[in-house]
Amino acid sequence: MTSPRLLYIVVLVSLKMLLMYSYKSTDFEVHRNWLAVTSKLPVSEWYQDQEGQSHWTLDYPPVFAYFERGLAVMADVVDSNMTQLDNQEYASERTVIFQRSTVIFGDVLLFLATHAFLSQILRGYALWASVTLVVFHPGLLIVDSIHFQYNSMLYALLVFSYYQVLHRRYISGAVLFTILICAKHLYLYMAPAYFIFLLKNCVLPSRKKVQKFVLLGLSVIGTTLVVFLPFLDERSLTGVLKRLFPWGRGLCHAYWAPNSYALYSAGDLVLQKVLKIDASTSVGTRGLVDGYDGGDTHAVLPSITPRLSTQITLLFVSILIVMYWSRPPGGRSSSRHVVEVFELIVLCSLSSAIFFAFSWHVHEKAILMVSLPSALLLWLVPGPMILPTLCIYIVGTFSLFPLLFQAAELPLKIALVPLILVGIPILAPPQLRLPPTNVSAMLFVAFLAIYQSLHPMLTSRYPFLPLLMLSVSSAMVLLPAFYQLATGFLLYSWSWK
Amino acid sequence: MNSDGDLGAMEKNRNWIILVLFIAAITIRCMMLMMPHSGEGKPPMYGDYEAQRHWMEITNNLPVLDWYKNTADNDLQYWGLDYPPLTAFHSYICGAVGKLCVPEMVELHASRGIETYNTKVFMKLTVLLSDLFVYLPGAYYAVSGVAFSYKHTAVFVDALTLLWLHPCLLLIDHGHFQYNSVSIGLALFAVGAMARHRYLLASVFFTSSFLFKQIALYYAPAFFFGILALCMRDGFFVGVPNVLMTGLVVVGTVAVIFYPWLATLPATDDVGQVLHRMFPFSRGLFEDKVANFWCSVSVAVKFQRIFDLSVMLKVATGCTVVSLLPACLCNFRARYGSGTFVASVVASACSFFLFSFHVHEKSILFPIVMSALVPVAMPKENRQEAAKVVIILTFISLFSMYPLVVKDNLHVLYTSLMLATAAACELTCQSEAWLQLWRGIICVVVACHFIHAAFEPPERLPDLWTMMFTISRYVNILPPLSSLAFCYLVHSFLSNAFHSFLNPEGVTRRRVLIQTYDTS
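As given, the protein sequences belong to chains S and R, one line each in that order. Take 1 as the starting number for the first sequence in my numbering and just add one per residue. Take 498 as the starting number for the second sequence in my numbering and just add one per residue.
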């Protein structure tokens, strides 16, 4: 009997290969440029601005830069023109196939990590359904395989760290998570959750608390130091930090991530129209997106500043931390480690959810930060929590549809709507009960996601309106789902099966 | 693809599984929308993609009678229409829709060789929609009609998966760019109708099928004998009026489709011109490198040099008839069933492919797609073997299309489909002997690809080119051998099937099934 894992990988690769020729966003050129930068420039110049070079500068932390450096070695063999610094917008067929293959490699890694992790907890149909839900996540398809990013590889690293925690190897889990943050600092969204989890479950129960704490802290700091070793002088460090945390951008990203600020800004716009206030050009949608210059962000409602958004975020994170801390540990002692890692995953997704909902300049791709852990959770959570998890999964995916705005992807988007709405509930656990309100909400969001593509063909008035409505309606489904997930997790003490 | 849940759950969720499979089939076709097509970026003639686009152009700009004629506006040397009128009407419809969406695509003369983003998306969408409206429903109709036992969901779903996601069809239709799926879809509708004993409906569908692509005539002997057998089932005197009715229906369908040309019949020879374009007999014994019997044997014995062309024509026809007759005549056995009929259709198509005149390598599609119906139509004893043979044959047919892949730069699509089909083969061949055979085949295939890739630059060393040519000939030995093997197996299945039919319990079960269909 051939290994089912090998067959699964073969089918996975064959399906992802079909998307090789689809739309590539500017992210493709970004990564090609990073291949060039990391292979042609000395390390000290990686994060410094170069005159005359492409403006797609390196803005991921060093681990990702090292990864691109490794890829550049192979890229030179495939097509040496790929790694030329001034070869902008270079996209020969070999380049495309090579780059897409690296993403597919990340997908295979994600499958291996997820299968290794979930096979410790689930069996049979539940295992394969769960793995499929993670590996074939349509949002991952849109963002990784088409739009072009490497989220699957990074998420594989995250799942691998969960795997270490499952086997009680907390320190290696922490080290892996640190490496992950040093690969994509967006995972800082999950850092408070991980930190508080380790505190509660690793440091507190052990007999030598201080020693454990120091050990954990040293391993985390040590890993960070090792990663940042080439950049430890002031010039490089400021360069890196400036690139990683660009505070000059606006409150919302161009596509208006479906977070609370989408609702807030939409409400502001509505009030502007209702109260007939003529807003200056710096306020309104453009002012929200373009740049933050310290002025007003909203015309009618109170403005949001970066400090305010950080305060709101930290407030909710502290609420999460406090409520988690005061929860009694659940589950029988034999399956305690399963309960623990499950708590870790829920905490990570809740922490990401809070950051997604309230922090500054959230990209709508960040919904994957919440959606991917929840895909892992679908078969693990108890009954009441399945529905919000499913809502986050499905509506989060629909909110990503505006990323694919070209004509060739429109049939795919239209076909994905029934596939998601029918296929995902089939793959979900049998205890799932989908009430009609949720179904109609999902259908409405799906309709808006498709209509957003068709709107330019029908009329040229109000070009931004469908996107706004999509973000607002997604936010109206996602934010309550986050809340339900949080309350389901924090307020009920249940025992693991 | 194969759910490993318990059988009860699968039966209950059968309709959901089929629905998800349907949506998945469409999604996968959407995913391959931007694959390269034949003749991309290769002026002056480009390829089949340009041919299809050109037909949309001329059908939408010229009067009907000029479509097949060499006029000032219609240069038959540049991709003249050489498929029957239904293709022309289909092109007309696609072109009419195209005029609304992408008008620059069908402008007379000005649109030659146009390859913009929008036109490409539109053309690929026409294939997708043709699949959606003709092929996918046809496949379902055929499988649900032909299924030997409606209770075994797994076999049903497997056959449906193979038909709906057939790799060879996806490669040719969505990659190389053609509309075979319409013709095969109509033929599948005909097979489904035959399984439901509606031979008049079947004759309408089959006539439409070969009036879309004349290559569907590969199935004609099987349909002829099958319908004849069905008509004569209740005795000779009841049968003759049925046969006459069928003949009338066929003639009527032809008349309807050929109406614009028939209307001018006494005055001009327009119909003759159409027929002349459809059946050009002046071409050679085989074209290019095709997995045909004649082509493969020509490595050793070059028949076309030994004998005259007219002699070869007779020999080819003779071989074809001899090889397809046994299967077709089986339709006349007392215990008729859809398994017999499907097997005879496949045998007929295989015989034509192997032995007939001027076979194109894409013609492997017609036998191989229909063969997906064989496992589901067979009784239980033969089903597993049939499934293994079919899937391995599909893999080999896909492999035999490699020369086309190289020409069209479709390597990515080809690799993807080969991987998926290989996984399906691996999953199906679980018994020891079959697994060895399958592993052997995959080694040969990989070795051939490796050699072909390794000996890539021919112009530097002229004798290397000859070696590559010879090796690619050897590559083509595998498909015809397996087709021959398949014909043999089909015939042996037929004899096995009849032995089971002689079992009275089997007969009663069939009668019950037939009556169930009649009432549904």
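The beta carbon of each residue, even a glycine, is placed where N, CA and C say it ideally should be.
Residue-chain proximity (residue i, chain R), Cβ-Cβ < 7 Å
i, result
"G287(S)", "Here G287(S) scores only 47 on pLDDT, less than 50, and its place in the model should not be relied on; the value that follows carries that caveat. It does not; no Cβ of chain R falls within 7 Å."
"R423(S)", "Arg is not the amino acid found at residue 423(S); the sequence shown has Gly there. G423(S) counts as touching chain R."
"M457(S)", "no"
"T26(S)", "no"
"P61(S)", "no"
"H418(S)", "Position check: residue 418(S) holds Pro in this sequence, whereas His was assumed. Yes - at least one Cβ of chain R is within 7 Å of the one on P418(S)."
"P429(S)", "no"
"M17(S)", "yes"
"A126(S)", "no"
"L35(S)", "no"
"V439(S)", "no"
Which of helix, strand or coil DSSP assigns to residue i
i, result
"V856(R)", "strand"
"V603(R)", "coil"
"V381(S)", "coil"
"V283(S)", "At V283(S), the pLDDT of 44 sits below 50, so the modelled position is not reliable; the number obtained from the coordinates is stated separately. Looking at V283(S) - three-state DSSP - the assignment turns out to be coil, as it is neither helix nor strand."
Segment limits, alpha helix (DSSP H) that includes residue i
i, result
"L180(S)", "Y170 to I181"
"R550(R)", "D545 to N558"
"L512(S)", "The requested residue 512(S) is not part of the displayed model; chain S covers only 1 to 497."
"D76(S)", "P62 to V78"
"D905(R)", "Y899 to D905"
"R517(S)", "In the structure displayed, chain S extends from 1 to 497; residue 517(S) sits before or after that span and is not available."
"I861(R)", "No alpha helix (DSSP H) holds I861(R); DSSP gives it neither H nor E."
"T658(R)", "T650 to W661"
"S161(S)", "N151 to L166"
Rounded Cβ spacing between residue i and residue j (contact assumed at less than 8 Å)
i, j, result
"V679(R)", "H587(R)", "6 Å"
"A726(R)", "F829(R)", "5 Å"
"Y371(S)", "G139(S)", "Per the sequence presented here, residue 371(S) reads as Ser, with Tyr not at that position. That belief holds up - the Cβ atoms of S371(S) and G139(S) are roughly 6 Å apart, short of 8 Å."
"A257(S)", "V63(S)", "Between V63(S) and A257(S) the Cβ distance is about 25 Å, and since that is not below 8 Å, they are no contact."
"M775(R)", "D579(R)", "7 Å"
"V747(R)", "T704(R)", "5 Å"
"T817(R)", "C827(R)", "17 Å between Cβ atoms; not a contact."
"E858(R)", "L901(R)", "6 Å"
CB contact check: residue i to chain S, cutoff 7 Å
i, result
"A928(R)", "It is worth fixing the name first, because residue 928(R) is Ser in this sequence and not Ala. For S928(R), the answer is no, since every Cβ of chain S falls outside 7 Å of its Cβ."
"V909(R)", "yes"
"T1025(R)", "Residue 1025(R) lies beyond the range of chain R shown here (498 to 1017); nothing can be said about it."
"I520(R)", "yes"
"A920(R)", "yes"
"V643(R)", "no"
"A487(R)", "One cannot answer for residue 487(R) here, as it falls past the ends of chain R, which runs 498 to 1017."
"T814(R)", "no"
"I1022(R)", "Outside the shown range of chain R (498 to 1017) lies residue 1022(R), about which nothing can therefore be said."
"I669(R)", "no"
"C665(R)", "no"
"M1020(R)", "Shown here, chain R extends from 498 to 1017; a query on residue 1020(R) therefore has no answer."
"V517(R)", "yes"
Any non-hydrogen atom of the ligand PLP within 6 Å of residue i CB
i, result
"A813(R)", "This structure lacks the ligand PLP, and indeed carries no ligand of any kind."
Count the C-beta pairs between the region 113-121 of chain S and the region 90-101 of chain S that are closer than 8 Å, then say yes if the count reaches three, no if not.
Cβ pair count under 8 Å is below three, so no.
Specify whether the region 678-698 of chain R and the region 546-556 of chain R touch according to this definition: at least 3 beta carbon pairs, one from each stretch, less than 8 Å apart.
Pairwise C-beta distances place the region 678-698 of chain R out of contact with the region 546-556 of chain R, as fewer than three of them are shorter than 8 Å.
Counting pairs of beta carbons, one from the region 358-375 of chain S and one from the region 311-321 of chain S, are three or more of them closer than 8 Å?
With three or more CB-CB distances shorter than 8 Å, the region 358-375 of chain S counts as touching the region 311-321 of chain S.
The region 14-24 of chain S contacting the region 61-74 of chain S, beta-carbon criterion three pairs below 8 Å
No, because fewer than three Cβ pairs between the region 14-24 of chain S and the region 61-74 of chain S fall closer than 8 Å, the two stretches do not touch.
Does the count of Cβ pairs from the region 702-716 of chain R and the region 836-853 of chain R closer than 8 Å reach three?
Taking a cut-off of 8 Å on C-beta distances, the region 702-716 of chain R touches the region 836-853 of chain R, as three or more cross pairs fall below it.
Determine, using beta-carbon pairs with one atom in the region 607-617 of chain R and one in the region 469-480 of chain S, whether at least three such pairs fall under 8 Å.
Flag = no, the region 607-617 of chain R and the region 469-480 of chain S do not touch.
Counting pairs of beta carbons, one from the region 854-872 of chain R and one from the region 652-670 of chain R, are three or more of them closer than 8 Å?
In this structure the region 854-872 of chain R lies against the region 652-670 of chain R, because at least three pairs of beta carbons, one per stretch, are closer than 8 Å.
Segment contact, 8 Å Cβ cut-off, at least three pairs: the region 131-150 of chain S with the region 75-91 of chain S
When Cβ pairs closer than 8 Å are counted between the two stretches, the region 131-150 of chain S is seen not to touch the region 75-91 of chain S, the count staying below three.
Check whether the region 549-558 of chain R touches the region 586-602 of chain R, taking contact to mean three or more Cβ pairs, one atom from each stretch, closer than 8 Å.
Yes, the region 549-558 of chain R is in contact with the region 586-602 of chain R.
Could you tell me whether the region 523-532 of chain R touches the region 410-429 of chain S, where touching means 3 or more Cβ pairs closer than 8 Å?
Yes, since at least three Cβ pairs between the region 523-532 of chain R and the region 410-429 of chain S fall closer than 8 Å, the two stretches touch.
Okay, do the region 363-378 of chain S and the region 215-234 of chain S touch, 3+ Cβ pairs below 8 Å being the bar?
Between the region 363-378 of chain S and the region 215-234 of chain S, the count of C-beta pairs closer than 8 Å stays below three; the two stretches do not touch.
Are at least three pairs of beta-carbons, each pair with one atom in the region 155-167 of chain S and one in the region 36-49 of chain S, less than 8 Å apart?
Contact between the region 155-167 of chain S and the region 36-49 of chain S is absent, because fewer than three Cβ pairs lie under 8 Å.
So, do the region 887-895 of chain R and the region 908-922 of chain R have three or more beta carbon pairs nearer to each other than 8 Å?
With the cut-off at 8 Å, the region 887-895 of chain R and the region 908-922 of chain R touch.
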